[in-house]
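K.L.:
Numbering (mature numbering (1 follows the signal peptide of the UniProt record, and there is no 0)), first residue to last: -19 to -1, 1 to 593.
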């Protein structure tokens, strides 16, 4: 599929910057051309589409949205160039043709589409190879439709007709990961997140369902895990039933979004011990020992607990869990976790210590044994496994090459050169939780009022012997506002947008990058803030993954050009019920370029157009 995207990118003209005036699209199509006409949307407007359930539901949904939204742009064009144009005709329908109506929502499915809206004729056309491409086209078409003005929102139109669009994603895998174990989210929160994903042409909802803090999934074969491992609040159990899961999967499918479950193991499993104590280790321990030495930790964060890899009962429970979860979730992929195991947690168990002594086994040997059995169970259920990269790239374990690695700390190149297909989730770009400081209690470093003094002899020694680390030498984890947050600073939408997932890769190596995924870990997030934590930064990732960081000429897409579209898109997300975080004062949108960091080029070249 990546090859198809490359062909499209090479074949179509790059969108001229000056063409962005008045109508703002997100993510930007691979090819777009338009004129100076204005086609009125007739009151009887309809979509004509093949009788496919998902497509019929989508056309009804988008027709309702268009008439409800009645959008007028918030972002003002530079130079106030918008001029009054009389309608050149009435658009009464858009005919949708789909080449393969039976193509399922599977990895790599063709999502390409074209849109042709004439200048005067009453019928427009959408063509897609699959239903899923048609869904992407409907989203783009909805963004083309605007109300006449703020004072006249009764009339809708498509501006700058004729409009011709040819589009396809650069990467087939474009995801959002949500952690529902550290804090709970309602089903409605999840459904609204999926709405936002569909608006941005994101197609993977990675559901990190369980972790050490809670086990909210209410399984039928092992009910004690969810009954005792889920949170309760004011007497209410905070969990997800089979019916909840099926509802979410159906809702997502209707919007072209695949749902991939993750039950992290063998680490991050203290919550399992609430229901079945003897299959876990070190759950009675604080996550650090009394020395507070990180190398002596039991877990990477509270609360400690891992699955016991030498207890046969562990694997009987794991098999029941995997068998049931894979039967609920229809996607071909299953995320098997695998990150951050800590040997000290296993060594807390006498059974494990005795096994290690008898077999002369290391912690890595135990992890290899567990993952080998877990991955076999996933394969038995005819699923492709995804793992966090740790075991393969950091520990060098024998992980089957058909396993997909999700890279969060290492380099994509290392994973690719090891022979794996890869999902890019670098914490330096795609971790959306990085900004809130340390969430642990009794952190006295926050009391520091001035930078700590570093003895000059120590500074001299480090500068002379370790110059690469000198600039990072801050003895206090708090000073400067970090407050112990390991992945600070905040990842702005510009930072997210700038992630080049093919950086330093050859063309051959780049083919192993399936795509990327932004991640919201929820130690400091819940229903009250979910929209602001995810949006509009996930939208920035969406354009980077759909449109690509480079246009068809090989030029890197410009954040300055994206800024006004992002500004307007954020307000449109708000209109659609997604409470996205603001990116600038409203004044900036009303005064184009006046909020630029550097003196705007257009101020000295007014005849060349403002770019927006």
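Just so it is clear, CB atoms sit at the ideal spot from N, CA and C, and this is done for glycine as well.
For residue 268 and residue 251, I'd like the C-alpha separation in whole angstroms.
P.N.:
Approximately 11 Å, taken between the alpha carbons.
K.L.:
Pairing CB atoms from the stretch 413 to 426 with CB atoms from the stretch 384 to 403, are three or more of them under 8 Å?
P.N.:
Not touching, per the Cβ criterion.
K.L.:
Please name the residue or residues paired with residue 71 in a DSSP beta bridge.
P.N.:
Partner(s): 21.
K.L.:
Ends of the alpha helix (DSSP H) at residue 332?
P.N.:
Counting along the chain, the alpha helix (DSSP H) containing residue 332 begins and ends at 331 to 340.
K.L.:
Name the residue from 145, 324, 17, 155 whose alpha carbon lies nearest to the alpha carbon of residue 523.
P.N.:
Among 145, 324, 17, 155, the Cα nearest to that of residue 523 is on 155.
K.L.:
What three-state label does DSSP hand residue 129 in the structure shown?
P.N.:
In the structure shown, residue 129 sits in a strand (DSSP, three-state: E or B).
K.L.:
Work out the CA separation of residue 227 and residue 82 for me, nearest whole Å.
P.N.:
Computed Cα separation, rounded: 23 Å.
K.L.:
Cβ of residue 151 within 7 Å of Cβ of residue 101?
P.N.:
No.
K.L.:
Specify the secondary structure class of residue 378 as computed by DSSP and reduced to three states.
P.N.:
Residue state, collapsed to three classes: coil.
K.L.:
The beta strand (DSSP E) spanning residue 188 covers which residue range?
P.N.:
Segment 185 to 191, the beta strand (DSSP E) holding residue 188.
K.L.:
Could you give the C-beta distance for residue 212 and residue 195, rounded to a whole number, given that I count them as a contact under 8 Å?
P.N.:
That pair is a contact at about 5 Å.
K.L.:
Is it buried or exposed for residue 573, if we count other Cβ within 10 angstroms and need 16 for buried?
P.N.:
That one is buried.
K.L.:
Nearest CA to the CA of residue 58: which residue from 555, 545, 478?
P.N.:
Comparing Cα positions, the closest option is 545.
K.L.:
Find out if the Cβ-Cβ distance for the pair residue 290, residue 347 is shorter than 7 Å.
P.N.:
Yes.
K.L.:
So who's on the other strand from residue 10, going by DSSP bridges?
P.N.:
Answer is none; residue 10 lacks a bridge partner.
K.L.:
Going residue by residue through the stretch 517 to 585, where are the continuous alpha helix (DSSP H) segments of at least 4 residues, counting only ones entirely within it?
P.N.:
If we require 4 residues or more, the alpha helix (DSSP H) runs fully inside the stretch 517 to 585 come out as 518 to 527, 540 to 556, 567 to 571.
K.L.:
DSSP has residue 27 in a bridge; who is on the other side?
P.N.:
For residue 27, which the question treats as bridged, DSSP gives the partners 74.
K.L.:
Can residue 172 and residue 232 be called in contact, C-beta distance under 7 Å?
P.N.:
Yes, the Cβ-Cβ distance between residue 172 and residue 232 is below 7 Å.
K.L.:
Please list the terminal residues of the continuous beta strand (DSSP E) segment that includes residue 110.
P.N.:
Its beta strand (DSSP E) spans residues 104 to 111.
K.L.:
Rounded to whole angstroms, how far is the Cβ of residue 295 from the Cβ of residue 260, which I believe are closer than 8 Å?
P.N.:
With a Cβ gap of about 4 Å, residue 295 and residue 260 count as contacting.
K.L.:
Report the option in 249, 307, 254 whose CA atom is closest to the CA atom of residue 283.
P.N.:
The shortest Cα separation from residue 283 among 249, 307, 254 belongs to 249.
K.L.:
For the stretch 377 to 406, list the beta strand (DSSP E) runs that are entirely contained and at least 3 residues long, ordered along the chain.
P.N.:
Counting only runs of 3 or more, we get 385 to 388, 403 to 405.
K.L.:
With C-beta atoms as the reference, is residue 131 less than 7 Å away from residue 4?
P.N.:
No.
K.L.:
Could you tell me the distance, in whole angstroms, from the CA atom of residue 2 to the CA atom of residue 392?
P.N.:
Here residue 2 scores only 45 on pLDDT, less than 50, and its place in the model should not be relied on; the value that follows carries that caveat. Their backbone Cα atoms lie some 39 Å apart in a straight line.
K.L.:
CA-CA distance, residue 8 and residue 149?
P.N.:
Distance between the alpha carbons of residue 8 and residue 149: 11 Å.
K.L.:
Which same chain residues end up closer than 7 Å to residue 379 when comparing Cβ atoms and leaving out the 5 residues on each side of it in sequence?
P.N.:
Within the same chain, residue 379 has close Cβ partners 349.
K.L.:
Can you grab the Cα-Cα spacing for the pair residue 120 / residue 335, in whole Å?
P.N.:
Approximately 59 Å between the Cα atoms of the pair.
K.L.:
Determine the burial state of residue 21: buried for a count of at least 16 other Cβ atoms within 10 Å of its Cβ, exposed for fewer.
P.N.:
When all chains shown are included, residue 21 counts as buried.
K.L.:
Taking C-alpha atoms, which residue in 577, 584, 556 lies nearest to residue 51?
P.N.:
Per the Cα distances, 556.
K.L.:
Pull up the distance between the alpha-carbon of residue 316 and that of residue 300, whole angstroms please.
P.N.:
Cα to Cα, residue 316 sits roughly 15 Å from residue 300.
K.L.:
Spatial neighbours of residue 86 within its chain, please: CB distance less than 7 Å, with the 5 preceding and 5 following residues excluded, ordered by chain position.
P.N.:
Closer than 7 Å at the Cβ level, and outside the excluded window around residue 86, lie 113, 234, 237, 239.
K.L.:
For residue 501, name the three-state secondary structure that DSSP assigns.
P.N.:
Looking at residue 501 - three-state DSSP - the assignment turns out to be strand.
K.L.:
Based on Cα-Cα distance, which residue from 364, 244, 394 lies nearest to residue 485?
P.N.:
The option with the nearest alpha carbon to residue 485 is 394.
K.L.:
From the DSSP output, in three-state form, read off residue 511 for me.
P.N.:
If DSSP states are grouped into helix, strand and coil, residue 511 belongs with the helices.
K.L.:
Pick helix, strand or coil for residue 364, following the three-state DSSP scheme.
P.N.:
Correct three-state label for residue 364: coil.
K.L.:
Using three-state DSSP, classify residue 350 as helix, strand or coil.
P.N.:
In the structure shown, residue 350 sits in a helix (DSSP, three-state: H, G or I).
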